[in-house]
Each structure stands twice: as structure tokens, then as C-alpha cells.
Amino acid sequence: MGASEARALAVVDASVFGALAFNESRSGEAAGLLAGVTPVAPGLVRYEMANIARTKALRDPSSSGLVTRAFRRWLELPVKLVSPEFDGVLSLALAEDLSAYDAAYVYVASALDAPLLTFDMRLASAWRRLG
Amino acid sequence: MAPSKHSSRTDLSDTTTAPPSAASPRTGISGGVDRPGTDITPHHGTEEIRRRLEQAELSFKALFDNSNDAILLVNRTTMKLVDANERASQVLGYRREELTWLTVGQLNPPTGDKAGRSLGEGLRVAAGDFAARVATKRGDVLDVAVTAWTVDLPGLPVVFALLRDLTRQRQVERELMLSARRMKQLFDISPTMTHVLDIHEEGFRLSWISENARRILGYTPEEILADPTWWYRGIHPDDQTQALQSNDDVIAKGASRSEYRFRHSDGSYRWTHEELRLVTDDDGTPVEVVGSWADITDRKAAEAVFVEGERRLREGQRMEAIANLAGGIAHDFNSLLTTISGYANLLLEESDHPEPDLEEIRTASERGAELVRQLLAFSRRQIVRLEPIDLNNVIARLERVLGRMIGDDITLHTEGRGVPAARGASGRDRQRRLRPRNRRSGRSCGRGSGGRGGGRGPEGLGRPHGGGRPHGADPIVRAPRAVQQRDDLGRRGRAVGAPLREPRARRSRLQDSAGTRRTLHVGVYQGLDHARRPSRAGHQFAPEALHTGDARATRTGGPGLDPHLKRGRAHSGPHNLGAVLGEADGASSNATTPHRGTIMASYRVSQQDAHARVHEADGGAVLLEVHMPVSLSIKNVPDEVAAKLRRRAKAHRRSLQGELLAIVEEAVEAPAELTPEELRAYVVSLGLRTEDDSVLTIRADRDGR
Numbered sequence: 001m002g003a004s005e006a007r008a009l010a011v012v013d014a015s016v017f018g019a020l021a022f023n024e025s026r027s028g029e030a031a032g033l034l035a036g037v038t039p040v041a042p043g044l045v046r047y048e049m050a051n052i053a054r055t056k057a058l059r060d061p062s063s064s065g066l067v068t069r070a071f072r073r074w075l076e077l078p079v080k081l082v083s084p085e086f087d088g089v090l091s092l093a094l095a096e097d098l099s100a101y102d103a104a105y106v107y108v109a110s111a112l113d114a115p116l117l118t119f120d121m122r123l124a125s126a127w128r129r130l131g
Numbered sequence: 132m133a134p135s136k137h138s139s140r141t142d143l144s145d146t147t148t149a150p151p152s153a154a155s156p157r158t159g160i161s162g163g164v165d166r167p168g169t170d171i172t173p174h175h176g177t178e179e180i181r182r183r184l185e186q187a188e189l190s191f192k193a194l195f196d197n198s199n200d201a202i203l204l205v206n207r208t209t210m211k212l213v214d215a216n217e218r219a220s221q222v223l224g225y226r227r228e229e230l231t232w233l234t235v236g237q238l239n240p241p242t243g244d245k246a247g248r249s250l251g252e253g254l255r256v257a258a259g260d261f262a263a264r265v266a267t268k269r270g271d272v273l274d275v276a277v278t279a280w281t282v283d284l285p286g287l288p289v290v291f292a293l294l295r296d297l298t299r300q301r302q303v304e305r306e307l308m309l310s311a312r313r314m315k316q317l318f319d320i321s322p323t324m325t326h327v328l329d330i331h332e333e334g335f336r337l338s339w340i341s342e343n344a345r346r347i348l349g350y351t352p353e354e355i356l357a358d359p360t361w362w363y364r365g366i367h368p369d370d371q372t373q374a375l376q377s378n379d380d381v382i383a384k385g386a387s388r389s390e391y392r393f394r395h396s397d398g399s400y401r402w403t404h405e406e407l408r409l410v411t412d413d414d415g416t417p418v419e420v421v422g423s424w425a426d427i428t429d430r431k432a433a434e435a436v437f438v439e440g441e442r443r444l445r446e447g448q449r450m451e452a453i454a455n456l457a458g459g460i461a462h463d464f465n466s467l468l469t470t471i472s473g474y475a476n477l478l479l480e481e482s483d484h485p486e487p488d489l490e491e492i493r494t495a496s497e498r499g500a501e502l503v504r505q506l507l508a509f510s511r512r513q514i515v516r517l518e519p520i521d522l523n524n525v526i527a528r529l530e531r532v533l534g535r536m537i538g539d540d541i542t543l544h545t546e547g548r549g550v551p552a553a554r555g556a557s558g559r560d561r562q563r564r565l566r567p568r569n570r571r572s573g574r575s576c577g578r579g580s581g582g583r584g585g586g587r588g589p590e591g592l593g594r595p596h597g598g599g600r601p602h603g604a605d606p607i608v609r610a611p612r613a614v615q616q617r618d619d620l621g622r623r624g625r626a627v628g629a630p631l632r633e634p635r636a637r638r639s640r641l642q643d644s645a646g647t648r649r650t651l652h653v654g655v656y657q658g659l660d661h662a663r664r665p666s667r668a669g670h671q672f673a674p675e676a677l678h679t680g681d682a683r684a685t686r687t688g689g690p691g692l693d694p695h696l697k698r699g700r701a702h703s704g705p706h707n708l709g710a711v712l713g714e715a716d717g718a719s720s721n722a723t724t725p726h727r728g729t730i731m732a733s734y735r736v737s738q739q740d741a742h743a744r745v746h747e748a749d750g751g752a753v754l755l756e757v758h759m760p761v762s763l764s765i766k767n768v769p770d771e772v773a774a775k776l777r778r779r780a781k782a783h784r785r786s787l788q789g790e791l792l793a794i795v796e797e798a799v800e801a802p803a804e805l806t807p808e809e810l811r812a813y814v815v816s817l818g819l820r821t822e823d824d825s826v827l828t829i830r831a832d833r834d835g836r
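Protein chains in written order, with this note's numbering: chain E, 1 to 131; chain G, 132 to 836.
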């Protein structure tokens, strides 16, 4: 068992990863949140991160190279990608009026009984509601 | 006529069918000649008649007994053998007496032999010639040619059957047939066609050609023989002269050979090798010509390849000579460039307001150096590939490795500032690594670039710029002879090999500054030839910055570095390795120096045969690649472990040392995981800072999809 497996699991969404990987103002906070935990996320987090990178690169083309490199580096971060049961995600999304994407994070966190780390208020609010 | 010794058996009368009175009481045979009722008295006297009859009987008997063919006398009515000669006895294996006890049917082959009709069948139908099969007393079946005729004696129809053994003839025929079939098969599988040419006044004409012509040239023998012009029309127009000459030669010399192209039925031309031999009769008169014909197209192609290979070899040798010449010139020219570049650097460093032309001189010398590097790489036929290695780890490893080599009174100082936390390269990094390869062994020259050394992290790397005495686990150095920095300066990912030497005066001053010959200067003096300017797009590079850095060592308690050097170099940022390391921290260096990130240089620690290379790392960090072979030994290895190791080495086809090295490499290169803090440090080192829009982006995505 590796060191990461001995640490506590925490479901992390793309807002935290994005702040960390692209050096947003809350990157230090993000690094602190992730310290000592094993980050877990549904597979869609990679798409969301790619989209964040795309948005940043389009917004500031001169930084696109750095953004790309940062994104590639983030891909090396040991994140456990999981696949939730999609019928459960759908049920949760319908019951709580969430997008399927929000529901995926919440579902995974619930299933793992792990904290959900996010800078997105709506997702945090949903998690608090259900938690 | 003398009584026959078989007279008791040669009574032609069949006691069951005819009265014996009709035949001679002695021989019976004579009865066939002595026609009853024919009066011969008027012509001959009785004695004379008797005498002539006896002579005729003797003659007949002699012929009968001594014939080379088997003769049987058969009663046509009963098909019983009446008499047989000695030859018949030999052929059929019966004594003559035994034969007279037989019927013709008893000479038939065994039931089931359907190869030919039996003797009895043939004698029944009529006289004449026919083939039959008879069985011997031993059971052998003989092919015989039979000539039969009837002699009608009164009341005793007799058939004379003359049997000629055809067994040997049939064997010869069968052997001939097999031989012909064998030859046909050999011709068919042979890669060489065989042919026979008839000789005519107008020239040769094919009279026979082997069946394999169909396979080799795509024509059937029938097609070939039907067209008298086939051969001539098939010859390549350019080769007709020599092919015809071959025909003339065979007549003149008895043999000839030639090679020419011949058209295949598919239209392509095939190279053929033809040999001809003249066949003459006993008088030496030419009768015919026999020849062979082989397809040598593949051989011709191989010859062409060989010729081309020889040409390339000569070309390669010529290029090698040119490369050697170029290499020699490049070395000399490089020395000149180094001097020019070095003094230009010194002037630039020491002047508060350097002349702009100096920068031009330096730039031009760098371009020249680049050309020299290419020349050297060409001349050495180098295949050099660089790999990114975290400088922090390398420095830390240097400390560990060199620490065992030098005395306790030597301490290595490595200056760095604000370097992000170093990491061992991740597994992905490792896959991307490009290492210089040992050409003979194919093994990587590098030795584990990853790992977490004691010097890892900003703190571990030493003191800030301009700091005083070294502290903590200051890295190393020693050596009675100074490090001979040199070699292989170039840009990342390209083959480099130009030895750029520090200007003599400068090196001397550095050595003098240490105050002792035991000071080892591990440094990167020159040739950091490309720098990325953070003010421009991050991926752009400008060949405008010369970085010079060094990691210095002093003897513990020694005088330390020359203050001048500290001021002039350590404080000038890009000219000190520590400063260069510090520049990897984008946050602190962006505003003060344009020389971030891209550095390429190398140096060599001569005594330890170490070799290092500094270049840009992934992400712009300063990386140092070190190759420093060390010798390791293991004592008190248990026998069983050693035996297993030997088996493992054998299975991997490695030497024992090679196997050990592979194990060590595998162990030390265990991948390390990237931590969030390291990721953040890396991004910071890139100089990337973005707006807080991740939440907005993902919210828009989640809500909009």
C-alpha cells in the first residue's frame, strides 16, 4: 500500500484543482486543503479541468503555453478517478435539482463518506444540504 | 532318326482322342511329316526316303532341342502339352517329363492376374503372334511373346507354340519409362531450362525444350516449338548481338555461354544465363546443340545492391574523412571563439555602461559556437539526447556521492536561492526522459536522476545570494586538479558537443581565489546560450543571454571565495550557479533579470570522470544532468543469493554486473508521486498566474450542459 492510500480520502472538484493548477488567488488554500489527503473525483474532473485550461488560454493567448504545461503537470497529480453509479447520480440530480455533474461529485462523496472540497458555492451548498 | 529319349512321352496320339496308329510308333513327330497315303516311291527309293526322313527328323530335333526359345507342342483338342524343348524346361521351371503331364491351363497365371491373357486363351483362338503371361513352376509370372502355328496331322491337331521370354525386356522398358518420368520431374523442378537445338543452314531451331519453361518464362513448350522466331523475338534488343554471338561460338568452339535479357510472357525482361554445347557424331559432324538456360535476375539484382553498397561505403569513408577534418578545424576554431566570447563577457560584466558592440560580439561568437557544436556533433557522429533532471536532486546527490570521495576537510558549497521544492521525476517524466546512450552497451549513461536528496527544497539548497559562510550540509568538493569545465554546451534537445572553455584568465583567477590547489571548482562557466525572456511569450526563446554560474567549494575553514568573485559574479545573478538556481523562482527574478529558465551547459569533473549538463527543464526550471560513474560493491553475499543473481543475469543475457546495475536502476527510479504543494511550486516557477475563473467556468459548464 502506498503512502497515498493510507491517507484520508477527499472528493475534490475542479474548482479546487483549477485554483491550484493555474495559480489562482486561492492556490495556496487549495494546496492546504489537499495536503495530507488522497484526492478522489469522478472522471469528469479531467474534462472540467481541460475546459478551465481552455478558457484561460483563450482569455490570454500569450499564456496558453504555460497553461498547457500547468495542465499537463496537474495530470500527474495522483487523483483517484472513480465512476459513480449513474442511475444513482440521476436520481440524486432529479431529487435535489442538481446538474448531473454536481450530482456526480455529491454522489461520490456520499458513497465514500468523504468530505467534498470545492470552491463552488452551489456545489458546497448542495453537499451541506445533503450532508 | 535316332529314337528320341523322350519317345516314350512323345506319342502325338492322344489316347483319348486318336489312335496311335496314325503316328510314328517311335517319335510321333515324324508322323506330322510322314503324310499317310502320299506315294513317294516313284521319286526315291525307300531307303533313300527313309534316310532323308531321318535326316529331317534329326535336323528338326536339333532345332527343337537347341532353340533359344521355348517351344511347346500342344494338342489343340485337349490343350495338353505333348512335348517341350529344353529351353521351355528352363523357362518354365519344369522338367520336360513334367511338362508333358500338364495342360496349357496349368501354365496360366494365378487367378487375379489380369495383366494379360493367358497362354491357353491365346492358343485357343488361333495361331499367330500374341503376348501372354505364363506361370512358372515356382509361381513366377512371365511375360512371353508367343508365335503359334498349327500342324494338322490326321486325327491329331497340334499347335506349335514358340515362347520368347519378355521379362527382361519388360524390365528394361519399365526402367526406361521410370527414367523418362524421373527426368521429366527433374526438369520440371529444376531452376534451369534445358533445350535441344537442331542445326540448320539458316541457323538453330529449337526441337525440344523442358517443361519448366512454362514456369520460368511463362511459355509452354508447345508455344515455343510452334514459333521458330520465338527465341530471337524474346531477346532484349540491346542484347541480341551477344546472344547471337553465343550461337556462333558454339559451332566454332563447341561450347559457349552468354547472359542476356529475355522477355517473360508477362512482358517483363528477365536476365538469363545460357550455356550451349555442341553434340557431334563419330565423325565430328555437328548433329545438334544442347543447352541450359537459367534465370539470374535475382543474382543480377543482388550484384546491383552490392555495387551500390560499395559505392555508399566509399561515400561514407569520404564523409568520415571530411568529418574528421571538420572536427579538427572546429576544435581550433572553438578555442578562438571561446576566447572572444569569454573576454566579451568579462567586459560586459565589469562595465557599468558596456558598449553595445560588445553585445554584438558576444552574440556573434555564440552563433559561431553553435555552428562549431554542430560541426563537432557531425564529426563525432554523436547521438546525444538530453533528459530533464531536477537540479536540486542532482545537487543533493552530488553531495552524497562526492562526500564519500573527498576528505573531511573539504566542503562543497552550493549556492541557491528560492528554488522550488525539488522532486524526483515522476513516472511520466521518466518516460519522457532522453538520455545520452552508451553506444556500445546501449545502457543509459545516467544514473538515476530522481530521488529525494537531502538538499531537496529551497532550504536544502543552501544559502541565499551573497550569504556568508556556508552552513549546514554544504555540498562538497575537492580535487588536486581543478574541474575542467568544458564540453557540450547547447540547447535543449539538440546534439551538442562544442567544448567551450573558460577564458584562461578567468579560470586562473577562480583557482587563485580559492587559495588552494585542493579547491575544486564545480561550475558552469559559459555557454548558457539561450534564455527565455519572461516578458515575452513563455515558450519563446532568445539567444541573447549568456549565463554563467558556478557552484564553488572551499576548504573548510579556508579563505572562501574571492570577494571579487562574490561581488562580480554571485551578485550579478546569471553568472553564478546559485543565482541561476535562484532565477528558477520566477516570482523573484522576473523583474530583475531576463535570464530565466533556459540554460544549457555542462562541465566535467576530471578526476571522478563525472559529467554534468545544465539545461532547461520541463517548465523552465534549471536542471542539471550529471553522469558520474561510481563503483559499488557488496560484501558477504549469501551463496544462494549469488546463485539466484547469476541465474537471473543469465536469463536476461546480462553480465553479473549488468544485472546488478539493472536492479539498482530499477530500485532507485521508483516513481514518486507529485504532491499538491509541488504542483503549486511548479506552476509558480513557470510564472503563471491566472484570474479566479475556474469556478465560473465549471459553473457555466455544469449549468449549461
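Glycine is no exception: its CB is placed at the ideal position from the N, C-alpha and C atoms.
At a cut-off of 9 angstroms between C-beta atoms, F17 of chain E counts as an interface residue with respect to chain G. Inter-segment contact for the region 341–352 of chain G and the region 311–328 of chain G is present: three or more beta-carbon pairs are separated by less than 8 angstroms. When DSSP reads this structure, N767 of chain G sits in no beta bridge, so it has no partner.
By the criterion of a C-beta distance shorter than 6 angstroms, W127 of chain E is surrounded in its chain by V106, L116, once the five residues flanking it on both sides are discounted. Following the DSSP letters along the chain, one finds N206 of chain G in no alpha helix (DSSP H) but inside the beta strand (DSSP E) bounded by residues 201–206. Taking 9 angstroms as the CB threshold, V799 of chain G stays off the interface with chain E.
The three-state reading of DSSP puts E804 of chain G in coil, since its state is none of H, G, I, E or B. When Cβ pairs closer than 8 angstroms are counted between the two stretches, the region 277–296 of chain G is seen not to touch the region 385–394 of chain G, the count staying below three. F291 of chain G places its beta carbon less than 9 angstroms from that of A279 of chain G.
For K80 of chain E, the three-state secondary structure derived from DSSP is strand.
Straight-line spacing of the CA atoms in V82 of chain E and I492 of chain G works out to 59 angstroms. At a cut-off of 9 angstroms between beta carbons, R26 of chain E contacts chain G.
In the three-state DSSP reduction, P487 of chain G falls in the helix class (H, G or I). Assignment of P61 of chain E by DSSP, reduced to helix, strand and coil, places it in the helix class. DSSP places S99 of chain E in the coil class of the three-state scheme, outside both helix and strand. At least one CB of chain G lies nearer than 9 angstroms to the CB of E48 of chain E. The beta carbons of V814 of chain G and N23 of chain E sit about 5 angstroms from each other, so the pair counts as a contact at 8 angstroms. Beta-bridge analysis with DSSP links I382 of chain G to no other residue. With respect to the 9 angstroms criterion, G422 of chain G and E405 of chain G are classified as neighbours on the basis of their beta carbons. In this structure, the CA atom of E48 of chain E is about 13 angstroms from the CA atom of A100 of chain E. Membership of S190 of chain G in any beta strand (DSSP E) is not indicated; the residue belongs instead to the alpha helix (DSSP H) covering 177–197. Checking the DSSP bridge columns, you'll see S825 of chain G has no partner listed.
Between the C-alpha atoms of R129 of chain E and V799 of chain G there is a straight-line separation of about 48 angstroms. Ranked by Cα distance from L9 of chain E, the first of E:G65, E:L112, E:L123, E:A95 is E:L112.
Y350 of chain G sits in coil when the DSSP states are folded into three classes, being neither helix nor strand. When the five nearest sequence neighbours on each side are left out, the beta carbons in the same chain lying within less than 7 angstroms of the beta carbon of N343 of chain G are those of F318, D319, S321, M324, in order along the chain. For Y107 of chain E, no CB of chain G lies under 9 angstroms from its own CB, so it is not counted at the interface with that chain.
A contact is defined here as three or more CB-CB pairs under 8 angstroms, and the region 252–262 of chain G meets this definition with respect to the region 196–215 of chain G. Note that the region 324–333 of chain G touches the region 418–434 of chain G; at least 3 beta-carbon pairs, one per stretch, sit closer than 8 angstroms. In the DSSP assignment, S220 of chain G falls within the unbroken alpha helix (DSSP H) covering 217–223. No Cβ of chain G is located within less than 9 angstroms of the beta carbon of W127 of chain E. From the beta-carbon of L34 of chain E, the residues of chain G found nearer than 7 angstroms are P807. With its beta carbon less than 9 angstroms from one in chain E, L810 of chain G belongs to the interface. Flagged as an interface residue toward chain G: D120 of chain E, by a C-beta distance shorter than 9 angstroms. Under a 10 Å Cβ-count criterion, G365 of chain G is classified as buried, with 16 or more other Cβ atoms of the shown protein chains found around its own Cβ. Boundaries of the beta strand (DSSP E) around H331 of chain G: 323–331.
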